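Down below is the structure, laid out as structure tokens.
Numbering (the numbering used here), first residue to last: 34 to 597.
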């Protein structure tokens, strides 16, 4: 009989191919790591989510080939990076058990194992219990070694390549974890290639910056929006008790030595049960009245539980991430939102009336978008008061066709194509109408050329205005002009988009008369500020006043307008 062993285990969040300065720890992997740790199986975490470095070079630099088990959490965007790392590890350490999990792996588990010999097993849906069974099996008897896996291939919720090479072993689904309160807090550390910025929230009510913590208080969502990756994992909604949410906040305060005073709830849909939401809010308030919080939900739930919102605000609710998605009825139907545009309007009006800030989830374009759809979106944004809304990301969004979602299947049938399961088609290349394609191309050209400059100037201008409010030596007329210039900068992308849409509706005469999309941008730029100047001049003037006030900053720094 051999001795009991503990395999060396690593969990990896692969790169999605670009940098995101708002990066946070991969909470799904953190839950799995904490769950294994509780049962005596420590692991190492590696987070490359925002790295732009070569995947194989990252694997080599951090020595991922020294582990007995390496698990990758994969999305469409990160799948190819995960496979590149897995192949490198397998070539250097053939006995290593390579495990893939996450939404993308769940959606195409059979395809992955058929195409990629470097992957040994896919864990479908939730990963805590299945991963524990795997590592327990590997560590049960040292005489068996890592190649003795016959006893592991029957684990529920997993898909394997048959040991004899004849087909796949697709085991029955594992039941969802019924009691989320039995899972340890996601207290796991990751080696990160770029580090984590401090998570903060600027509380305009209290007038100060707060340390913030992300907490997931529930899993899944009972709705069936056609574009949502939650459908891949399953719609079985479960929630945690309010006391455990408070205990998690207090745990991480003590663990990190940080007085977290804002909670970002990362739930797919925090407001499924308004009664439970209120219980959580009141428990947080009782524990510490200074704690504020925010969450995401759907517009129809806002209206159904309107009577709860005032009390939530009293308990510290600051903003709601609202899944509006579109103001066009045909688009809402394609997205399976099961709401009408007027419901979006009513929900926004209610929240504004109550003084609850809105974080906007919006899909400006999808492959079947028409110019009237875009017109409906822009009219909604103007009439609903989102002209001052920053950041401007919502203006540039396009529907992403994630593997495993009904909307991807819908467009595959509509286009008469078969999307490669390994690929995530660019949402900016799928438009059916040429006028929408050109509209999108021109809008993206504007974003590339101007948006970063607008963001930096806005940040500096708002910091300068804040300093003036606290007592600046700058003349009063400079303050008034800067206020107008800052408002103009906030409006600039909206105004450009309106002018571009007008040109598109007319057949692009202004764009064409100066020689194409690149050169045509200047013809569509609005004149801004109190003296109607070019956008370039407005940006330079704002930055000059900010420098005079002593508030020049490095490009990319965060502005103090609400969420950081």
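Backbone N, C-alpha and C define an ideal beta-carbon position, used for all residues, glycine too.
These numbers were taken from a predicted model, which means no experiment stands behind them.
- Annotation for residue 105: the continuous beta strand (DSSP E) segment containing it runs 102-106.
- The beta carbon of residue 211 is closer than 8 Å to those of 271 in its chain, skipping five residues each way along the sequence.
- Straight across, the Cα-Cα distance linking residue 248 with residue 219 is about 9 Å.
- The Cβ atoms of residue 139 and residue 266 lie closer than 9 Å to each other.
- The region 95-114 and the region 37-46 touch, with three or more beta-carbon pairs separated by less than 8 Å.
- Per DSSP, reduced to three states, the secondary structure at residue 125 is helical.
- Membership of residue 296 in the beta strand (DSSP E) is indicated by the continuous run 295-298.
- With 16 or more neighbouring CB atoms inside 10 Å of its own CB, residue 277 falls in the buried class.
- Between residue 416 and residue 378, the CB-CB gap stays under 9 Å.
- Counting along the chain, the unbroken beta strand (DSSP E) around residue 78 starts and ends at 77-80.
- Secondary structure remark: continuous alpha helix (DSSP H) runs of at least 4 residues inside the region 435-469, in chain order: 439-448.
- A straight line joining the alpha-carbon of residue 208 with that of residue 408 spans about 45 Å.
- If you draw a straight line from the Cα of residue 327 to the Cα of residue 250, it is about 12 Å long.
- Comparing alpha-carbon positions, the option among 72, 195 and 238 lying closest to residue 166 turns out to be 72.
- Taking 9 Å as the cut-off, the Cβ atoms of residue 257 and residue 439 count as close.
- Our two residues, residue 410 and residue 361, have alpha carbons roughly 7 Å apart in a direct line.
- With contacts defined by Cβ atoms closer than 9 Å, residue 358 and residue 368 form a contacting pair.
- Given a length threshold of 3 residues, the region 515-552 has no whole run of the beta strand (DSSP E) inside it.
- Per DSSP, residue 243 lies in no alpha helix (DSSP H); the unbroken beta strand (DSSP E) holding it starts and ends at 241-248.
- Pairing residue 99 with residue 238 gives a Cβ-Cβ distance that is not under 9 Å.
- One thing to note: residue 133 has its Cβ within 9 Å of the Cβ of residue 155.
- Taking a contact as a CB-CB distance under 8 Å, the pair residue 561 and residue 475 does not count as one, their CB atoms being some 19 Å apart.
- The alpha-carbon of residue 241 is positioned some 19 Å away from that of residue 353.
- Around the C-beta of residue 104, 16 or more other C-beta atoms lie within 10 Å, and the residue is accordingly described as buried.
- Shown here, residue 64 sits in a helix according to DSSP, grouped into three states.
- The closest CA to that of residue 81, considering only 90, 260 and 75, is found on 90.
- Looking from the CA of residue 570, the closest CA among 226, 321, 529 and 487 belongs to 487.
- Here residue 146 carries a helix assignment [DSSP, helix/strand/coil].
- Taking each of 429, 331, 465 and 426 in turn and checking the Cα distance to residue 445, the smallest one comes out for 465.
- 9 Å or more divides the Cβ of residue 342 from the Cβ of residue 391.
- Residue burial annotation: residue 322 is exposed, with fewer than 16 other C-beta atoms found within 10 angstroms of its C-beta.
- In this model, residue 396 and residue 456 are separated by some 21 Å (Cα to Cα).
- In the same chain as residue 123, and ignoring 5 residues on each side of it, the C-beta atoms closer than 7 Å to its own belong to 129, 131 and 151, in chain order.
- Per DSSP, residue 132 is one residue of the beta strand (DSSP E) stretching across 130-134.
- Linking residue 512 to residue 114 through their CA atoms gives a straight-line distance of about 50 Å.
- Rounded to whole angstroms, the gap between the alpha carbons of residue 195 and residue 201 is 5 Å.
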